[in-house]
Amino acid sequence: MAPRFKDGDAVVAINGKWISWTHTVFAYAAFLSALVVGCLLHYHKIVQNEHYGYPDEWFPSVSATIGDRYPERSFFQVFIAITSGPRFALVFLWYILTARPNSALPKIVAGVGVFRTLTCGGWTYVTSTDDHDWHDIFMISYLVATLPWTLGCLALSPNNRRAVKYRKIMAGLFFGTLVPLIYYFIQHKVHKVAGAYTRYAFFEWSLILFDVGFDAITVLDFEGFEIVVRDTKGVSRGKGKAVGNTFGEGFFWTEIVDAAADVYNGFVFWTVVTGLPVLVWYFPLWHMGISGYEVAITAVISPFFLAIPSLRQLAVRNLRLLHLVSLSGLLAYKFQDPANRLFVTTFSLAVTCTAWTATFFAERANAPRLESRILAWGIGLIMSVIAKFACATNNPLWPIMHGENGGWNKVGLFLAVFAVLRSQRPGTTSSGDYLPSGGKKGSAVLAGLGFGGLMFMIVSLLTDSSTMISWVWEGYPVRGPIAVPHGAVTIFMMGAGLVYGVFNPAIAGTWTAYGLGSVGAALLTYYHHWTGFYGGLALAFYIMAVSPVLISSCVRHGPASTFGLGLLLYVFLLLFHVWVVAYAFVPGGPLVREHTDWLMMTTMLAIGAGVFSAATTNSGRSSRKKPLSPNSKRQRSYYIYVLAALQLLSVSVAYLRFPTNDYVPHHKEDKVVTAGIWTVHFGLDNNMWAAERRMRDVLGELELDVIGFLESDNQRIIMGNKDVTQYIAEDLGYYVDFGPGPNKHTWGSALLSKFPILNSTHHLLPSPVGELAPAIHATLDMYGEMIDVVVFHSGQEEDPEDRRLQTEYLSKLMGSSPRPLILLSYLVTKPLEGNYNTYVSELSGMKDIDPTDWDRWCEYILYKKLKRTGYARISRDTITDTEIQVGKFVIGEPESEEEVRVSEDQVPVGRRFPALFRGEGVRGHRYHVFDEPRYWQ
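See the structure below:
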């Protein structure tokens, strides 16, 4: 091309679009050349995966095509290397195109573009064959950076309608493809469905096409650039209106730090709100009844004090001090005595509820700032859910956490102090003294009821990403969502609902939206598997969307009459929520026994009352509502940035925690099965610390292949909405059946197995008077043989008729199984007496693992059609109040007619129990009662 002379000499001039074309052509050539060469030379090898090959799988994945074999890998790497030059040039030109005075966003987007280019080189040249971990790190970093790159490009697009249209299409196709991509990957990885990986591969290749296509659209923008470098149309000087002005005209680091600090304050609020009930639960748990400490939950009604004008004015004018004092709850872990830890956290909860109520009330005359506080409150909730998602359902700042069991208390407290000092400094809040007169106001009582219903629905269902999943779980084979990765879907819907409610409050507050939310609640309550989960997602979206509407309505009234009353209703619903399962231990419990449906209806009616009041309150304001100013839009955008970053974090956590499903028993070569039973007492140890890590240690050292947990269901407010099985299963490598969910009203049973769980059925045994007795009946693939395992928790001692009926039911169930069977149980009977003789009988066909063990009362291991070789009892130290009982069985050998006791030196090494627990044992765990294991030939 001939050089031009305009405003100076030009040696050569190249139109900028050729950078885009070069990038597009070579990027596509890299992938397509590898695909063609791979199919021609190694077709059957690159369509083969760990489960199936041709003809079940007939189209290769991207990773298998570009990274597994020579020469297709070389074709890909050569072309992708050529692509890198145009890629860096494309990022540079995009920055020149979008740079604005006093705006940092173009710099950030350019930085993300460079980062994506570098990480692309990482997963290109470090293949999964070379180093699987680093390949995955580079790949996930690339995918995570794709969201801010895409959103940043959309927000900064010049006023080119054609380019913006195509960008939206490509971005929509890219992110829409992720849904079926993940679905078919789970079908392949978890369910091992033939052909699923081929379908996954099509969507994976589509992602490549859409990703490169998105950047190819810069052809339309770079037509006005000539690489001299000269801007012939003036677009680089900011002419033309930026698309996506929701993201504001400028970007200031100080303001995004303020938004992040505000969100962290919200995170601390939800940490304290969810942490106190766990502490309260400890006391009735150990008292086996009402302890008196339960009154601590009433600390949430502290906003009633704001009914006093002088106190209300004092609170509004000293918000910074209130928020700082509320951080005392993050120091509670320093107190070793459980009662003192409870008292400190109770005080913290009372102060933080007052502080946040006063914060909302102080901003009632300033709609943009009130919106910011609501966003901080809602995104703080999502941050707390992600923190639990990352830490296997324990919030690392809870008072039951410390450094030894996974707590981040010191770091969390430091950040909290910084966040309060930053977000609550003078000038960031208004006085709350001025409110424009006029306009209708709905009922304060109804608004308060709405807030109470909102709080209860959030805390009971949305403070952990696995809670609603446990509601719809029905065992194996998997027919619905699992905690990981589908917890990230719950988190996404929560974030989407909050953003929708902020951007479209007029729609979120309608009766139509309320009706859809109610349908979601009904589906979650009455249906299982995917249908129930879809209902739960709809409910999560609605609850988060209606939050800004209900809170904005509440601040139009006195804080005591709305927030105070609402939190009083929350206390009532919390008790209702416990009573439905704890009916055998509380006065009036039988009146609401097993009526989670009543609880759900009551909560939705309360939210409906709030919607009714908000409709009246907002009707008079909608006509006077002014458009948001550019500054308000920019302020809103910072919270959206924080939310987007958190959503990316949740996706990353889901990827990193994705179950491998490649678990191997401890003594595979000996075909030994080591099975145990443990009543884990909800994972709180005797000193009120979370016990999962200590449990993990002893279970791993015992080399357990199958373990039954009893009293394991923590998916309720009072137990922190957590799952005691997740950390242990992931760290030690187990398949998990969570057991009957919290909406089945039991104290829980769970099964962890290193053997694949082929099928499992959940049972609720007859319980006309006392607590419900849960059971899991599972069929496992043990070394190629199908073996049944039953995990069972009998009813309490005070209800003998219940236990008799349960004994007959379970004995018939075990007797009906034609397969070998192991019972891991809590029977509440003495050996050789009463119901024991029904469990061990011709009806059940079961044998006691050691009939001479006279010291048992609750835990028993029974078996049939298996060769028993060992039995041991291991002390629990201070982890719980019940020991671990363990049995060893050998698969593939016939059951002996007369099994003879032998000494350990006569037992093959692979069939022995670990010597670690002999004598004084380790960390308080030792063989006890017999002081050694028992063995049989």
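Take 1 as the starting number for the sequence shown in full-length UniProt numbering and just add one per residue. We treat Cβ as the ideally placed atom computed from N, Cα and C, and that holds for glycine.
- For Q806, no beta strand (DSSP E) run applies; the uninterrupted alpha helix (DSSP H) run containing it begins and ends at P800 to G815, by DSSP.
- The alpha carbon of P148 has as its nearest neighbour, out of G448, V736 and Q647, the alpha carbon of Q647.
- Straight-line measurement puts the Cα of G275 at about 34 angstroms from the Cα of I757.
- Under the criterion of beta carbons closer than 8 angstroms, V385 and T463 qualify as touching, at roughly 6 angstroms.
- Residue pairing for G708: DSSP places it in a beta bridge opposite I677 and L751.
- A729: not part of any beta strand (DSSP E); member of the alpha helix (DSSP H) spanning V724 to L732, first to last residue.
- Here the C-alpha atom of A584 lies approximately 51 angstroms from the C-alpha atom of R199.
- Taken through DSSP and simplified to helix, strand or coil, K830 comes out as coil.
- For N340, the uninterrupted alpha helix (DSSP H) run begins and ends at P338 to A362, by DSSP.
- Annotated three-state conformation of F738 is coil, per DSSP.
- Within the DSSP secondary-structure output, R934 pairs in a beta bridge with Y871.
- Per DSSP, reduced to three states, the secondary structure at M288 is coil, with no helix or strand assignment.
- Every alpha helix (DSSP H) stretch that sits fully inside the stretch 87 to 134 and reaches 4 residues is listed by chain position as 105 to 125.
- In the pairwise beta carbon analysis, the stretch 383 to 403 is classified as touching the stretch 327 to 334: at least three pairs are separated by under 8 angstroms.
- A contact between stretches requires three or more CB pairs, one per stretch, nearer than 8 angstroms, and the stretch 490 to 506 fails this requirement with the stretch 760 to 768.
- Segment contact: the stretch 168 to 182 against the stretch 210 to 226, three or more CB-CB distances shorter than 8 angstroms; contact assigned.
- Annotation: E57 is outside any beta strand (DSSP E) and is labelled neither H nor E by DSSP.
- As DSSP reads the structure, D781 sits in a beta bridge with M786.
- Going by DSSP, S896 is part of no beta strand (DSSP E) at all; its letter is neither H nor E.
- When the beta-carbon positions are compared, Y734 and K754 come within less than 8 angstroms of each other.
- Distances from the alpha-carbon of I822 to those of Q806, H44, G887 and A367 put G887 closest.
- Per the Cβ contact rule, the stretch 649 to 664 is not in contact with the stretch 694 to 703 (fewer than 3 Cβ pairs under 8 angstroms).
- By the criterion of a C-beta distance shorter than 7 angstroms, T357 is surrounded in its chain by P303, L306, P559 and F563, once the five residues flanking it on both sides are discounted.
- Sequence-distant Cβ neighbours of M288 in its own chain, meaning closer than 8 angstroms and more than five residues away, are F585.
- Judged by pairs of C-beta atoms under 8 angstroms, the stretch 897 to 911 does not touch the stretch 871 to 880, as fewer than three such pairs exist.
- Setting aside the 5 residues that flank it on each side, A508 is surrounded in the same chain by G501, A545, V546 and V549, each with a C-beta closer than 6 angstroms to its C-beta; the list follows chain order.
- Relative to V459, the option among W408, I718 and Y839 whose CA is nearest is I718.
- Annotation for E204: the continuous alpha helix (DSSP H) segment containing it runs A196 to A216.
- In the pairwise beta carbon analysis, the stretch 808 to 815 is classified as touching the stretch 839 to 851: at least three pairs are separated by under 8 angstroms.
- For V902, the number of other beta carbons within 10 angstroms of its own is below 16, and it is reported as exposed.
- Annotation: H42 is outside any beta strand (DSSP E); the continuous alpha helix (DSSP H) that includes it extends over K17 to I46.
- The continuous beta strand (DSSP E) containing K888 extends over residues I884 to V890.
- Straight-line measurement puts the Cα of G748 at about 16 angstroms from the Cα of Q806.
- Between the beta-carbon of I297 and that of V112 there is about 45 angstroms, and that puts the pair past the 8 angstroms contact cut.
- The secondary-structure analysis by DSSP pairs K864 across a beta bridge with L821.
- In the pairwise beta carbon analysis, the stretch 37 to 52 is classified as touching the stretch 180 to 196: at least three pairs are separated by under 8 angstroms.
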